[in-house]
Ligand SMILES: C[S@@+](CC[C@H](N)C(=O)[O-])C[C@H]1O[C@@H](n2cnc3c(N)ncnc32)[C@H](O)[C@@H]1O
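Residue numbers (the numbering used here), protein chains in the order written: chain A, 196 to 609; chain B, 216 to 335.
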């Protein structure tokens, strides 16, 4: 735009990895390890901001016209677009660069974490030993949808160990999310959780939940802010992967969130909890890593353990509704096939309202909302949406929620 | 004593389970790009390191060019520098290193797994 002058421009750069806050089990980066993440954070910004729009251009100018010429019609779904785009030299090169960036993020994160694997184990032990807020259950099996491939190209996935009992999976997940989101999740990568705190305080001022269940918590990024905001509430955070829970528990303890109990459990079977145990059941960026049959089971179990007037809340990337242009569905699907997210495409095509209806919620109990990461904007960027959006990992989510039997509760109270 | 048996440099190069998509007609190009990108990253790291040195020099003025020119590593330092170069090689050679692992284990395309997961 011609209104810009060279002197008043502030360039869009990623924050430095040094700005990331450290907690009790953070891996300690060397100078060059910091520099590697600094490179990747800015490279990812370049890929989505400077090169990303080229994908739409090549689709509009080359790929779609060629498709229509050959087939006599427009592509009928995102899969046809993907097959056509995968023969386009610009798109394939962009994809190859992006895939490399994802792989470098894993290699760089693992190199940093694995060289200090013993120190990290020792730190975690200090926070974990003898605490009843960490419960590991070795009989919990890794679901097929968790080990069919290593999700988001994370070697060893959430449940992998390099040395028996280590926390490397958690430490690697924790440190590298900075690079792939270019700092968009804030100093503790908890911008989603921080946004939930703001959201609930706005929605229900003064409300104090008693018991909250966080399903698929990973390293607890988004439950710690809630636990700190509601110190008198009991939080249960479950995950199927032990290595990630060891790290999550140590991290939470070191940040002062001692009111979270981390339990190794499978969300498909919550039978250890009675009906109506929780007044808040949530998942954040979780459902897309399950499967066609597991997802409705998890929602149904969540519904069962949720108390009347309790809140169910799920944060995800937006679903592929009929209103969403097919090209946008295609570009949002990139991670599914290029970054090992094999349920991503099917999950985002689901109508979550129907799924929640089937789990027991009435249509009028459901709500949807947009949630933007809350970060310290002096240092960290606000999530870009629109043309520059890094589809699939923008720190701006879609919330699917419901207050269980809220109408009946309302009537009973009146 | 995990330091002796656990080769973290090799472990950092572990390939993610799941068949890698092919972006180019020639599979060698995939490997060449991955090496190139790693070098691109490392040059960025060197530049950042240089900037650190310059800033420290600006602030403290304590490092001289002569010190750098006349430096001779002792046994320990020589070993550490060898390890550093080894690490560098592992990092830059990640692509071909993973190709070996791919040769060891043939995997189905993610698309196939995706179809399976949809229905289990
Ligand atoms: C994408 S991560 C979730 C991210 C996390 N909620 C956050 O906001 O940072 C998915 C997690 O779900 C766990 N998981 C997958 N299937 C599960 C199941 N059936 N029950 C419990 N946890 C599960 C995985 O081990 C993994 O840690």
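Positions of the beta carbon are idealized from the N, C-alpha and C atoms, including for glycine.
Tell me the DSSP secondary structure of residue i in three-state form.
{"i": "residue 511 (chain A)", "result": "strand"}
{"i": "residue 215 (chain A)", "result": "coil"}
{"i": "residue 244 (chain B)", "result": "helix"}
{"i": "residue 402 (chain A)", "result": "coil"}
{"i": "residue 354 (chain A)", "result": "coil"}
{"i": "residue 612 (chain A)", "result": "No statement about residue 612 (chain A) is possible, as the shown extent of chain A runs from 196 to 609 and does not include it."}
{"i": "residue 591 (chain A)", "result": "strand"}
{"i": "residue 296 (chain B)", "result": "Residue confidence for residue 296 (chain B) is low, a pLDDT of 49 falling below 50, so the modelled location carries little weight; the figure read from the coordinates is stated next. If DSSP states are grouped into helix, strand and coil, residue 296 (chain B) belongs with the helices."}
{"i": "residue 476 (chain A)", "result": "strand"}
{"i": "residue 564 (chain A)", "result": "strand"}
{"i": "residue 325 (chain B)", "result": "helix"}
{"i": "residue 456 (chain A)", "result": "strand"}
{"i": "residue 346 (chain A)", "result": "helix"}
{"i": "residue 602 (chain A)", "result": "helix"}
{"i": "residue 451 (chain A)", "result": "coil"}
{"i": "residue 330 (chain A)", "result": "strand"}
{"i": "residue 247 (chain A)", "result": "coil"}
{"i": "residue 229 (chain B)", "result": "coil"}
{"i": "residue 489 (chain A)", "result": "helix"}
{"i": "residue 308 (chain A)", "result": "helix"}
{"i": "residue 545 (chain A)", "result": "coil"}
{"i": "residue 239 (chain B)", "result": "coil"}
{"i": "residue 285 (chain B)", "result": "Reliability of the predicted coordinates at residue 285 (chain B) is poor, the pLDDT of 49 falling under 50, and no value is obtained from them."}
{"i": "residue 407 (chain A)", "result": "strand"}
Could one say the Cβ of residue i lies closer than 8 angstroms to chain A's Cβ atoms, at least one of them?
{"i": "residue 246 (chain B)", "result": "no"}
{"i": "residue 265 (chain B)", "result": "no"}
{"i": "residue 332 (chain B)", "result": "yes"}
{"i": "residue 335 (chain B)", "result": "yes"}
{"i": "residue 274 (chain B)", "result": "no"}
{"i": "residue 260 (chain B)", "result": "yes"}
{"i": "residue 321 (chain B)", "result": "no"}
{"i": "residue 243 (chain B)", "result": "no"}
{"i": "residue 317 (chain B)", "result": "no"}
{"i": "residue 268 (chain B)", "result": "no"}
{"i": "residue 328 (chain B)", "result": "yes"}
Residue i CB to nearest chain B CB: under 8 angstroms?
{"i": "residue 541 (chain A)", "result": "yes"}
{"i": "residue 537 (chain A)", "result": "yes"}
{"i": "residue 280 (chain A)", "result": "no"}
{"i": "residue 299 (chain A)", "result": "yes"}
{"i": "residue 453 (chain A)", "result": "no"}
{"i": "residue 450 (chain A)", "result": "no"}
{"i": "residue 479 (chain A)", "result": "no"}
{"i": "residue 595 (chain A)", "result": "no"}
{"i": "residue 309 (chain A)", "result": "yes"}
{"i": "residue 287 (chain A)", "result": "yes"}
{"i": "residue 428 (chain A)", "result": "no"}
task = Check whether the stretch 333-348 of chain A touches the stretch 474-492 of chain A, counting contact only when three or more Cβ pairs, one atom from each stretch, lie closer than 8 angstroms.
result = yes
task = Spell out a yes or no on whether the stretch 490-506 of chain A and the stretch 358-374 of chain A are touching, meaning 3 or more CB-CB pairs, one atom from each, closer than 8 angstroms.
result = Segments in contact, no.
message = Does the contact criterion of 3 or more C-beta pairs under 8 angstroms hold for the stretch 426-433 of chain A versus the stretch 403-418 of chain A?
response = Contact between the stretch 426-433 of chain A and the stretch 403-418 of chain A is present, because at least three Cβ pairs lie under 8 angstroms.
ask   = Do three or more CB pairs link the stretch 431-441 of chain A to the stretch 353-370 of chain A at distances below 8 angstroms?
value = yes
task = Could you run through the stretch 482-495 of chain A and flag, in chain order, every residue whose CB is less than 7 angstroms away from some CB of chain B?
result = 486, 487, 488
message = Can you confirm whether the stretch 344-363 of chain A touches the stretch 301-309 of chain A when touching is taken to mean that 3 or more C-beta pairs between the two stretches lie within less than 8 angstroms?
response = yes
ask   = Taking Cβ-Cβ distances below 7 angstroms as the criterion, which residues of the stretch 350-382 of chain A are in contact with chain B?
value = 350, 351, 357, 358
query = For the stretch 241-266 of chain A, which residues have a beta carbon sitting closer than 9 angstroms to at least one beta carbon of chain B?
reply = none
inquiry  = Output needed in chain order: residues of the stretch 521-535 of chain A with a Cβ under 9 angstroms from some Cβ in chain B.
reply    = 531, 532, 533, 535
message = Using a Cβ-Cβ cutoff of 7 angstroms, what residues of the stretch 200-229 of chain A are near chain B? List them in chain order.
response = 226, 227
query = Does the stretch 314-329 of chain A come close enough to the stretch 384-396 of chain A to have 3 or more Cβ pairs within less than 8 angstroms?
reply = no
message = Using a Cβ-Cβ cutoff of 9 angstroms, what residues of the stretch 389-409 of chain A are near chain B? List them in chain order.
response = none
task = Determine, using beta-carbon pairs with one atom in the stretch 512-525 of chain A and one in the stretch 219-229 of chain B, whether at least three such pairs fall under 8 angstroms.
result = Short answer: they don't touch.
ask   = Do the stretch 203-212 of chain A and the stretch 285-303 of chain A meet, that is, are 3 or more Cβ pairs less than 8 angstroms apart?
value = no
request  = Taking 8 angstroms as the threshold, find out whether the stretch 590-599 of chain A comes into contact with the stretch 282-294 of chain A through three or more Cβ pairs.
outcome  = With a cut-off of 8 angstroms on Cβ pairs, the stretch 590-599 of chain A is not in contact with the stretch 282-294 of chain A, counting fewer than three such pairs.
contact_flag[the stretch 322-333 of chain B, the stretch 231-246 of chain B] where n(CB pairs < 8 angstroms) is 3 or more = yes
query = Are at least three pairs of beta-carbons, each pair with one atom in the stretch 392-401 of chain A and one in the stretch 213-233 of chain A, less than 8 angstroms apart?
reply = Pairwise C-beta distances place the stretch 392-401 of chain A out of contact with the stretch 213-233 of chain A, as fewer than three of them are shorter than 8 angstroms.
query = At a cut of 8 angstroms, does the stretch 240-248 of chain A reach the stretch 578-590 of chain A through at least three beta carbon pairs?
reply = yes
Inter-stretch contact (C-beta, 8 angstroms, three-pair minimum) for the stretch 524-541 of chain A and the stretch 465-479 of chain A = Touching, no, given that fewer than three Cβ pairs across the two stretches are closer than 8 angstroms.
Residues from the stretch 312-335 of chain A in contact with chain B, defined by Cβ distance under 8 angstroms = 312, 313
inquiry  = If contact is defined by three or more beta carbon pairs under 8 angstroms, each pair taking one atom from either stretch, is the stretch 232-239 of chain A in contact with the stretch 208-222 of chain A?
reply    = yes
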